[in-house]
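Asker:
Residue numbers (UniProt numbering), protein chains in the order written: chain A, 1 to 364; chain B, 1 to 356.
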């Protein structure tokens with residue numbers, strides 16, 4: 001007997017809406033059991049995970065800071081994934097964007113001008129887009145697999161950054177530590193509100209999400225992305241070029257990842273270090289799918305994922321569980337959300353293999 | 001939205017629960033760790049210190065910690081969270097937390113902060129460090145006695161003054177016993193990466209060293225040394241379990257005494273900012289038992305340890321030359337702390353070019 005996933009003939013509209021809530025309920029139940037088994041009060045644990053981070057203003061700011069890069073990258077990736085281009089290298093584009101944007105504050109650190117910040121942001125987008133252009137070129141003109149090339153380029157970007165901060169860009173006043181100069185006042189992305197640390201990176205993320213939502217829904221370009229993604233042949237009949245789409249989607253997602261990179265560095269870290277991202281580019285892939293490749297869904301998904309990070313910290317303090325437990329809980333949530341979503345489109349069927357069973361019997 | 005409502009529904013119960021539990025008057029002492037509290041090295045040593053605070057002042061204080069906190073924006077959030085959750089005294093235990101600590105300290109002038117191994121202080125930010133190099137001098141002497149080839153391997157992390165100081169102290173100790181002693185250095189460029197550290201150890205052994213020492217946090221080099229049948233020194237925690245036949249001694253970070261002292265001062269309302277740099281005599285570092293060596297070497301090591309504790313011996317005392325042979329310290333002259341804390345040159349006997 002084996003288990004098969006079979007595509008449902010019709011997707012239930014009701015369950016499409018209910019699925020995230022069912023997933024959340026399942027997470028609560030199984031997470032609660034896990035905390036109870038660890039000897040912790042499950043109610044207190046769940047409270048610190050989901051409510052405590054939302055109950056204070058400063059913590060809401062932190063939520064926005066953490067969610068901003070995830071949303072910004074995720075929105076760009078949704079365009080890629082919708083058009084059937086699998087850019088797995090957003091992490092590398094994030095880093096290259098951060099590096100390109102940091103040229104001004106690190107190399108020309110004496111220069112002071114209100115133009116500094118806008119130029120940095122533009123350079124960041126160009127850096128990310130150019131780095132994404134490599135797998136785009138390879139796919140469009142040499143027919144290579146972009147999953148592989150974009151992923152491998154992540155390591156190139158990481159090591160390039162590592163070399164820069166240990167070598168030519170190392171802060172001469174930094175006691176030999178591998179980090180660049182800290183950015184001057186003109187190079188820092190300002191905070192949006194007086195009440196906390198949220199910088200304009202969060203606004204960029206929301207604006208990008210709304211813009212992409214509009215593009216997908218109301219423009220020919222959005223239609224082109226969807227058609228080419230679902231059937232390249234049909235797209236060709238409509239006069240769309242899949243090669244141009246490779247270029248468009250890769251450059252677009254690269255530019256957004258690069259913008260996320262320079263925003264994070266300029267708004268939150270304010271210098272380059274050997275490691276500037278705890279894997280935002282990869283987590284954003286999860287965020288994109290969690291949001292069902294819908295820009296508005298991605299905003300929600302980015303916030304939820306950020307919430308679990310913050311909640312994990314809160315739980316470490318308030319109920320004293322280890323960092324590992326909080327990661328398991330995060331995994332539970334993702335598992336249930338993604339499997340519930342899968343079950344909307346597919347159903348599980350048990351296939352009896354009588355013939356195979358008979359054969360094994362004979363063999364005995 | 002529904003999620004929020006669902007969670008809110010459970011909140012009332014929890015608030016009651018929390019209020020009942022919150023009826024205590026204990027001072028909160030908090031810690032931020034860069035690694036896992038069971039890493040067997042750096043972070044574990046800090047956590048043992050935290051436990052000592054609990055044990056000795058347990059009726060007056062309560063301790064809390066956050067582990068695996070990445071350096072950068074996440075550190076700022078973690079420290080702020082502790083400051084907001086009612087911590088009165090917060091120890092941030094990695095160099096990379098320096099700017100985050102100073103930033104949050106400005107926002108919370110009533111909370112006291114202590115940052116390990118950094119150099120930025122404020123009225124509510126103290127720094128503390130340990131004279132690890134004193135232990136490295138003893139290790140150098142042991143290495144010179146135990147090595148047949150006269151060459152030791154040194155697995156280093158980052159070319160910062162702290163690490164350069166350790167390398168120099170090791171060499172000075174070794175050359176006080178064998179003036180021709182040499183060391184080879186490999187830069188692992190990490191504090192914590194078992195794979196890289198093991199590779200560095202293998203590379204050094206292949207180059208012919210027969211003693212290994214490390215300024216990185218895992219027990220991987222010790223294990224490689226054990227497999228290859230050479231001797232090694234442990235780092236940050238006693239690593240004897242990883243090399244029962246291998247470890248000669250280890251520099252063990254014993255932060256507990258300092259933590260208890262500072263927590264007590266905080267309780268008494270006498271906490272003041274300082275830049276503390278204690279050594280063997282203050283008990284902030286201790287030497288693990290001298291094992292796997294002949295009695296005469298052990299006696300020498302113990303004698304050196306006693307002399308350092310009494311202040312009779314200072315590792316950085318002339319006559320000493322820099323790597324290129326230029327004179328640095330005259331006969332009987334000792335280096336001042338400022339030079340040590342900014343150390344960016346090698347002394348004679350290091351077979352390596354300092355990454356600049």
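Glycine included, each C-beta is placed from N, C-alpha and C at the ideal position.
(1) By DSSP's criteria, residue 321 of chain A is part of a beta bridge. Which residues make up the other side?
(2) Assuming residue 251 of chain B and residue 287 of chain B make a contact with CB atoms under 8 Å, what is their CB distance in whole Å?
(3) If we count the other Cβ atoms within 10 Å of its Cβ and call it buried at 16 or more, is residue 237 of chain A buried or exposed?
(4) So what does DSSP say about residue 227 of chain B, is it helix, strand or coil?
(5) Compile a chain-ordered list of the residues in the stretch 97-124 of chain A whose CB is closer than 9 Å to at least one CB of chain B.
(6) According to DSSP, is residue 346 of chain B part of a helix, a strand, or is it coil?
(7) By Cβ distance below 6 Å, which residues in the same chain neighbour residue 226 of chain B in space, the five residues on each side in sequence not counted?
(8) Given this structure, state the Cα-to-Cα distance separating residue 289 of chain B from residue 298 of chain B, to the nearest angstrom.
(9) Between residue 262 of chain A and chain B, is any beta-carbon pair separated by less than 8 Å?
(10) Considering only the beta carbon of each residue, do residue 69 of chain B and residue 32 of chain B sit closer than 8 Å?
(11) For chain E, is any of its Cβ atoms less than 8 Å away from the one on residue 74 of chain B?
(12) Check distances from the C-beta atoms of the stretch 51-75 of chain B to those of chain A and list, in chain order, the residues that come in under 9 Å.
(13) Rounded to a whole number of angstroms, what is the C-alpha to C-alpha distance between residue 140 of chain B and residue 280 of chain A?
(14) Beta-carbon of residue 172 of chain A versus every beta-carbon of chain B: anything under 8 Å?
(15) Whole-angstrom Cβ separation of residue 170 of chain B and residue 213 of chain B, contact assumed at under 8 Å?
(16) If you measure beta-carbon to beta-carbon, which residues of the stretch 152-181 of chain B are closer than 7 Å to chain A?
(17) Unbroken alpha helix (DSSP H) runs of length 4 or more, entirely within the stretch 246-327 of chain B: which are they?
(18) Can you list the residues of chain A that residue 78 of chain B reaches, using a CB-CB cut of under 7 Å?
(19) Give the DSSP-derived three-state secondary structure of residue 9 of chain B in the structure shown.
(20) Inspect the beta-carbon positions of residue 84 of chain B and residue 62 of chain A and report whether they are closer than 8 Å.
(21) With a threshold of 8 Å between beta-carbons, can residue 338 of chain A be considered close to chain B, or not?
(22) Indicate whether residue 156 of chain B and residue 88 of chain B have their beta-carbon atoms separated by less than 8 Å.
(23) If we count the other Cβ atoms within 10 Å of its Cβ and call it buried at 16 or more, is residue 376 of chain A buried or exposed?
(24) For residue 76 of chain A, count neighbouring C-beta atoms within 10 Å of its own C-beta (all shown protein chains included) and say buried if the count is 16 or more, exposed if not.
(25) Since residue 137 of chain B sits in a beta bridge, which residues does DSSP pair it with?
(26) Out of B:63, B:166, B:205, B:342, state which residue places its alpha-carbon closest to the alpha-carbon of residue 236 of chain B.
(27) For residue 7 of chain A, which residues from the same chain have a beta carbon less than 7 Å from its beta carbon, with the 5 sequence-adjacent residues on both sides left out?
(28) Taking residue 93 of chain A as the reference, give the member of A:325, A:290, A:264, A:295 with the closest Cα.
(29) Tell me, please, whether the CB atom of residue 84 of chain B is closer than 8 Å to any CB atom in chain A?
(30) Could you work out which residues of chain A lie near residue 344 of chain B, taking near to mean beta carbons separated by less than 9 Å?
(31) Please check if any C-beta of chain A sits within less than 8 Å of the C-beta of residue 131 of chain B.
(32) What is the DSSP secondary structure of residue 197 of chain A, reduced to helix, strand or coil?
(33) Just how far apart, CA to CA, sit residue 315 of chain B and residue 324 of chain B?
(34) Kindly identify the DSSP beta-bridge partner or partners of residue 5 of chain A.
(35) Taking residue 329 of chain A as the reference, which of A:70, A:122, A:66, A:30 has the closest Cα?
(36) Using 7 Å as the cut-off, classify the Cβ of residue 343 of chain B as near or not near the heavy atoms of the ligand HEM, replying yes or no.
Answerer: On the basis of the data shown:
(1) By one-based count along the first chain, residue 321 of chain A stands at place 321. Beta-bridge pairing links residue 321 of chain A to no other residue.
(2) Position 251 of the second chain, counted from the first residue, corresponds to residue 251 of chain B. Position 287 of the second chain, counted from the first residue, corresponds to residue 287 of chain B. About 7 Å; that satisfies the 8 Å criterion.
(3) Residue 237 of chain A sits at position 237 when you count from the first residue of the first chain. Exposed: under 16 other Cβ atoms inside 10 Å.
(4) Against the second chain, residue 227 of chain B aligns to sequence position 227. Residue 227 of chain B: helix per DSSP, three-state reduction.
(5) none
(6) For the purposes of this step, residue 346 of chain B is identified with residue 346 of the second chain, where counting begins at 1. Residue 346 of chain B: coil per DSSP, three-state reduction.
(7) Here the question's residue 226 of chain B lines up with position 226 in the second chain. Around residue 226 of chain B, the same chain offers 243, 246 as residues with beta carbons nearer than 6 Å, after the five sequence neighbours per side are excluded.
(8) Residue 289 of chain B sits at position 289 when you count from the first residue of the second chain. Residue 298 of chain B sits at position 298 when you count from the first residue of the second chain. Cα to Cα, residue 289 of chain B sits roughly 9 Å from residue 298 of chain B.
(9) Taking the first residue of the first chain as 1, we reach residue 262 of chain A at position 262. So no, residue 262 of chain A is outside the interface.
(10) To locate residue 69 of chain B, count along the second chain from 1; it is residue 69. To locate residue 32 of chain B, count along the second chain from 1; it is residue 32. Less than 8 Å divides the Cβ of residue 69 of chain B from the Cβ of residue 32 of chain B.
(11) Judged by its chain identifiers, the structure shown contains no chain E, and its protein chains are A and B.
(12) If the cut-off is 9 Å between Cβ atoms, the stretch 51-75 of chain B has 64, 65, 66, 67, 68, 69, 70, 71, 72, 73, 74 near chain A.
(13) Against the second chain, residue 140 of chain B aligns to sequence position 140. Against the first chain, residue 280 of chain A aligns to sequence position 280. Rounded to the nearest angstrom, the two C-alpha atoms are 44 Å apart.
(14) As a first step, residue 172 of chain A is located in the first chain; it is residue number 172 there, counting from the start. No, residue 172 of chain A lies away from the interface with chain B (no Cβ there is under 8 Å from its Cβ).
(15) Position 170 of the second chain, counting from 1, holds the residue named residue 170 of chain B. Position 213 of the second chain, counting from 1, holds the residue named residue 213 of chain B. Contact flag correct, Cβ pair sits at about 6 Å.
(16) 158, 159, 160, 161
(17) The qualifying runs are 256-267, 295-310.
(18) For the purposes of this step, residue 78 of chain B is taken as residue 78 along the second chain, with counting starting at 1. Ordered by position in chain A, the residues that pass the 7 Å Cβ test against residue 78 of chain B are 313.
(19) To locate residue 9 of chain B, count along the second chain from 1; it is residue 9. Because the pLDDT at residue 9 of chain B is just 46, under 50, the model does not fix this residue reliably, and the point stays unresolved.
(20) Here residue 84 of chain B refers to the residue found at position 84 of the second chain. Here residue 62 of chain A refers to the residue found at position 62 of the first chain. No, Cβ-Cβ distance for residue 84 of chain B and residue 62 of chain A is not below 8 Å.
(21) Against the first chain, residue 338 of chain A aligns to sequence position 338. Not closer than 8 Å to any Cβ of chain B, the Cβ of residue 338 of chain A fails to qualify, so no.
(22) Locating residue 156 of chain B in the second chain gives position 156, where the first residue counts as 1. Locating residue 88 of chain B in the second chain gives position 88, where the first residue counts as 1. No.
(23) Look at the range of chain A in this structure, 1 to 364, and you will see that residue 376 of chain A is not part of it.
(24) As a first step, residue 76 of chain A is located in the first chain; it is residue number 76 there, counting from the start. Of the other Cβ atoms in all chains shown, 16 or more fall within 10 Å of the Cβ of residue 76 of chain A; this residue is therefore buried.
(25) Here residue 137 of chain B refers to the residue found at position 137 when the second chain is read from its first residue. Paired residue(s): none; residue 137 of chain B is not in a bridge.
(26) By 1-based counting over the second chain, the position of residue 236 of chain B is 236. Ranking the options by Cα distance to residue 236 of chain B, first place goes to B:166.
(27) For the purposes of this step, residue 7 of chain A is taken as residue 7 along the first chain, with counting starting at 1. Excluding sequence neighbours, residue 7 of chain A sits near 345, 346.
(28) On the first chain, residue 93 of chain A is found 93 positions in, with the first residue counted as 1. Looking at the Cα atoms, A:264 is the closest of the given residues.
(29) Counting from 1 along the second chain, the entry for residue 84 of chain B is found at position 84. Taking 8 Å as the CB threshold, residue 84 of chain B lines the interface with chain A.
(30) Taking the second chain and counting its residues from 1, the one referred to as residue 344 of chain B is at position 344. Those are 175, 176, listed as they occur along chain A.
(31) As a working mapping, residue 131 of chain B is identified with position 131 in the second chain. Closer than 8 Å to the CB of residue 131 of chain B there is not a single CB belonging to chain A.
(32) The residue given as residue 197 of chain A occupies position 197 in the first chain. Correct three-state label for residue 197 of chain A: coil.
(33) Here residue 315 of chain B refers to the residue found at position 315 of the second chain. Here residue 324 of chain B refers to the residue found at position 324 of the second chain. Approximately 20 Å, taken between the alpha carbons.
(34) Walking along the first chain from the start, residue 5 of chain A turns up at place 5. The partner list for residue 5 of chain A (beta bridge, DSSP) reads A:348.
(35) Walking along the first chain from the start, residue 329 of chain A turns up at place 329. The candidate whose alpha carbon is nearest that of residue 329 of chain A is A:30.
(36) Of ligands this structure carries none, so the ligand HEM is not represented either.
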